[in-house]
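Colleague: In the working numbering, the protein residues as written are -15 to 439.
Ideal Cβ positions, reconstructed from N, Cα and C, are used throughout, including at glycine.
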Amino acid sequence: MKLRYLGLGLLWSWIYCLWFSPAVFSSDNGDAGGITWLVSLAASAAALFVLAIRPGREKRLHSAWLYVAPIGVSLSTFALLLASDGVVAWASAAVGGLLTAFLWVQWGELYCSLDEEVMEACVPSSAIIVIGSALLSIGLPSLAAGVFVALIPLASGALMLVCHGDEAFVVPPFKLANSKKGLPSLLVRLGLVSMVCAMASSFILALSEESTSLLFGSLSILAVAIGALFAVALSLVLIFFARRIDFASLYQWVVPILVLSICLFIAGGRNAGTVSLALSFCVAFAVDCLFMIIAARITKKGLCAPAEAFGIFRGFVQTGCFAAGLIARAAVDLHIELVHILLAFVFVSVIALVAVVRLQEELKNLTNPPVSVNASLSSSDEDAVGRMAEQYRLSPREVDVLRLLSRGRSVPYMRDALVISKSTIETHIKHLYAKAGVHSRQELINLLESYRQEA
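Shown next, in the form of structure tokens:
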């Protein structure tokens, strides 16, 4: 994994440092930050949906956007530093939100081009950058912090350019080879479920606007850092220990965390509110991390264009955040009892969990071809695997792993084929190395080749 692949973390950093740290907006701005946030969310969601359904979406974005998007987002942030309220601020937020849609899709296209194991390592690692950026934004003087946030998109774009200029990394033309008729409709339904969870977590963030000690303050950005840390840990647990990386396994973890966050917010109090905010950020980060991985896996199979997968999912997340902001503002203005709304979100989140399990099974049947460990090998390969198994006393599961290794399969592929976790597969591989007296996959393949030649 190369550091240049972690530019997604800078995009996340820009979003959270802009809207949830005092670098650009503060409690002195009153309601300006909340309104501007909604404008940015609306523009971003609209642009993402347009990118997802536009004609020619199977083609990658024009290379000009590699320059236009990060420069435009950076300039819009500098404009917000100069005018954080009024028409100029809203126009700047709209431009910034619109152009971030292109950055989301561009990073999605890049991750679709990476090896699956590298991609699974890059996404949670990118979230670690958010922790450092969040802490730095509150450690710098006010003006320096604002300039720092405004320059973050340029850094993300620069890393993207380095990736595209690397001779060892070439973004191949996208080929829509296995398009499924019912897939777009299914992606929309899964996106709607993601929107529900985004609404529930963002509702807490939007309500924090009424307590300026939480929004646009040090506590808020510290909650971002803590939430990102929890999300990295949760993502790594799912990547290494879940038998499958899919929407069902993701939401089985995030919905309970989301319910706990809502309950803490209802309980009230400064400490409970801060923990609730951190858990809400954790849910947002975890959903972002895992949806990037899942969407990339779908597009790597040629089932849909990157713009479709990333545009639909991220577009619905942005829409959920926007809707939550509107509901929060209406609830406060109309003096609606917030507890009732929060309890309704608990109920809807649980229903969403049930729905996503069904939708995931439908997605599995639609997108996953039968994966079998028993696919036929040549007679020489089968004989070589059999003789190695006998000589080194390999277990049946170790034989399965060896057979897949002999076919050049990756660990994520083995996870799907054997329905066991990544950590379990890596343990079997280590046992294979120890029993065979080798120290790397290449040495194991060379040993297998020597048995093949003897046959």
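Tell me whether the beta-carbon of L234 lies closer than 8 Å to the beta-carbon of L263.
Modeller: Reading the sequence shown from its first residue, position 250 is the one you call residue 234. Reading the sequence shown from its first residue, position 279 is the one you call residue 263. Against a cut-off of 8 Å, the Cβ pair of L263 and L234 comes out as no contact.
Colleague: Over what stretch of residues does the alpha helix (DSSP H) that includes P240 continue unbroken?
Modeller: The residue you call residue 240 lines up with position 256 of the sequence shown. Element bounds for P240: F231 to A251.
Colleague: Under 8 Å by Cβ, that's how I've got A232 and V340 pegged, so tell me the actual separation to the nearest angstrom.
Modeller: The sequence position of residue 232 within the sequence shown is 248, counting from 1. The sequence position of residue 340 within the sequence shown is 356, counting from 1. Confirmed, about 6 Å.
Colleague: Relative to the alpha-carbon of L432, which residue among D365, W3, K285 and F62 has its alpha-carbon at the smallest distance?
Modeller: For the purposes of this step, residue 432 is identified with residue 448 of the sequence shown, where counting begins at 1. Nearest C-alpha to L432: D365.
Colleague: Using C-beta distances below 6 Å, list every residue in its chain close to L(-8), excluding the 5 sequence neighbours before and after it, in chain order.
Modeller: Against the sequence shown, residue -8 aligns to sequence position 8. Contacts found: W91 and S110.
Colleague: Kindly indicate the opening and closing residues of the alpha helix (DSSP H) around G421.
Modeller: Here residue 421 refers to the residue found at position 437 when the sequence shown is read from its first residue. No alpha helix (DSSP H) contains G421, which DSSP labels as neither H nor E.
Colleague: When the Cα atoms are used, what is the spatial distance from L64 to S28?
Modeller: In the sequence shown, residue 64 corresponds to position 80, counting from 1. In the sequence shown, residue 28 corresponds to position 44, counting from 1. If you take the alpha carbons of L64 and S28, they lie about 16 Å apart.
Colleague: Determine the DSSP secondary structure at E100, reduced to helix, strand or coil.
Modeller: Stepping through the sequence shown from its first residue, residue 100 is reached at position 116. Three-state result, E100: helix.
Colleague: When we look at the beta-carbon of E292 and count the other beta-carbons within 10 Å, is it buried (16 or more) or exposed?
Modeller: Position 308 of the sequence shown holds residue 292. Buried, because 16 or more other Cβ atoms sit within 10 Å of the Cβ of E292.
Colleague: Taking the Cβ atom as the reference point for each residue, do I277 and M398 lie within a distance shorter than 8 Å?
Modeller: Counting from one through the sequence shown, the residue named residue 277 turns up at place 293. Counting from one through the sequence shown, the residue named residue 398 turns up at place 414. No, Cβ-Cβ distance for I277 and M398 is not below 8 Å.
Colleague: Applying the criterion that 16 or more other CB atoms from any shown protein chain within 10 Å of the CB defines a buried residue, is F225 buried or exposed?
Modeller: Translated into the one-based positions of the sequence shown, residue 225 becomes position 241. Label assigned to F225: exposed.
Colleague: Near L326, which residues of its chain fall below 7 Å by C-beta distance, leaving aside the five closest residues on each side in sequence?
Modeller: Taking the sequence shown and counting its residues from 1, the one referred to as residue 326 is at position 342. For L326, where only same-chain residues beyond five positions count, the Cβ hits under 7 Å are I246, F249 and I250.
Colleague: So what does DSSP say about S45, is it helix, strand or coil?
Modeller: Within the sequence shown, numbered from 1, the residue matching residue 45 stands at position 61. According to the sequence shown, residue 45 is Leu rather than Ser. L45: coil per DSSP, three-state reduction.
Colleague: Could you tell me whether the Cβ atoms of E382 and H423 are closer together than 8 Å?
Modeller: Position 398 of the sequence shown, counted from the first residue, corresponds to residue 382. Position 439 of the sequence shown, counted from the first residue, corresponds to residue 423. Their beta carbons are not under 8 Å apart, which means E382 does not touch H423 by this criterion.
Colleague: When you compare the region 73 to 80 with the region 32 to 42, are there three or more beta-carbon pairs, one atom per stretch, that lie closer than 8 Å?
Modeller: No contact exists between the region 73 to 80 and the region 32 to 42.
Colleague: Need the endpoints of the alpha helix (DSSP H) that L456 sits in, please.
Modeller: Here the chain comprises residues numbered -15 to 439, so residue 456 is not present and cannot be evaluated.
Colleague: Are the region 201 to 218 and the region 256 to 272 in contact at 8 Å, needing three or more beta carbon pairs?
Modeller: Result yes; three or more Cβ-Cβ pairs closer than 8 Å.
Colleague: Closest to E410 by CA distance: which of L50, R391, L386 and Y0 is it?
Modeller: The count along the sequence shown starts at 1 and reaches residue 410 at position 426. Here the closest residue by C-alpha is L386.
Colleague: Going along the chain, which residues of its own chain have a beta-carbon closer than 6 Å to the beta-carbon of P498, five neighbours each way excluded?
Modeller: Nothing can be reported for residue 498, as the shown portion of the chain is limited to -15 through 439.
Colleague: Would V180 count as contacting chain B if we go by Cβ distances under 8 Å?
Modeller: Here there is only one protein chain, and chain B is not present.
Colleague: Write down the C-beta distance between I115 and A209 rounded to the nearest angstrom, noting that I regard them as a contact closer than 8 Å.
Modeller: On the sequence shown, position 131 is the one that residue 115 refers to. On the sequence shown, position 225 is the one that residue 209 refers to. Yes, they are in contact, since the Cβ atoms of I115 and A209 sit about 5 Å apart, within 8 Å.
Colleague: For F275, tell me which candidate among A315, A328, Q344 and G252 has the shortest Cα-Cα distance.
Modeller: Working through the sequence shown from its first residue, we reach residue 275 at position 291. Closest by alpha carbon: Q344.
Colleague: If we count the other Cβ atoms within 10 Å of its Cβ and call it buried at 16 or more, is V239 buried or exposed?
Modeller: Here residue 239 is taken as the residue at index 255 of the sequence shown, counted from 1. It is buried - the Cβ of V239 has at least 16 other Cβ atoms within 10 Å.
Colleague: Three-state secondary structure (DSSP) at I210?
Modeller: Indexing the sequence shown from 1 puts residue 210 at position 226. In this structure, I210 counts as helix in the three-state DSSP scheme.
Colleague: Out of L318, Q437 and A280, which one is the CA nearest neighbour of L98?
Modeller: Taking the first residue of the sequence shown as 1, we reach residue 98 at position 114. The option with the nearest alpha carbon to L98 is A280.
Colleague: Keeping to the same chain, check which residues put their C-beta closer than 7 Å to that of R371; ignore five residues upstream and five downstream.
Modeller: Mapped onto the sequence shown, residue 371 falls at position 387. Y435, listed in sequence order.
Colleague: Measure the C-alpha to C-alpha separation of A129 and A7 and round it to an integer number of angstroms.
Modeller: What you label residue 129 is simply residue 145 of the sequence shown in a count that begins at 1. What you label residue 7 is simply residue 23 of the sequence shown in a count that begins at 1. Cα to Cα, the separation comes out at about 5 Å.
Colleague: Based on Cα-Cα distance, which residue from L83, A418, F187 and E438 lies nearest to D442?
Modeller: Outside the shown range of the chain (-15 to 439) lies residue 442, about which nothing can therefore be said.
Colleague: Reducing DSSP to helix, strand and coil, say where D365 ends up.
Modeller: Position 381 of the sequence shown holds residue 365. Note: D365 maps to helix in three-state DSSP.
Colleague: Secondary structure at L432, three-state DSSP: helix, strand or coil?
Modeller: Counting from one through the sequence shown, the residue named residue 432 turns up at place 448. Here L432 sits in helix by DSSP.
Colleague: So, is E374 buried or exposed, given that buried needs 16 or more other C-beta atoms within 10 angstroms?
Modeller: The sequence position of residue 374 within the sequence shown is 390, counting from 1. Exposed: under 16 other Cβ atoms inside 10 Å.
Colleague: Since I believe I205 is in contact with S464 (beta carbons under 8 Å), could you give me their beta-carbon distance rounded to a whole number of angstroms?
Modeller: Coverage of the chain is limited to positions -15 through 439, which leaves residue 464 absent and any answer about it impossible.
Colleague: Are there three or more Cβ pairs, one per stretch, closer than 8 Å when the region 285 to 300 is compared with the region 308 to 316?
Modeller: The region 285 to 300 vs the region 308 to 316: no contact.
Colleague: Roughly how many angstroms separate the alpha carbons of L50 and Y(-11), rounded to a whole number?
Modeller: Walking along the sequence shown from the start, residue 50 turns up at place 66. Walking along the sequence shown from the start, residue -11 turns up at place 5. When rounded, the distance between both Cα atoms is 15 Å.
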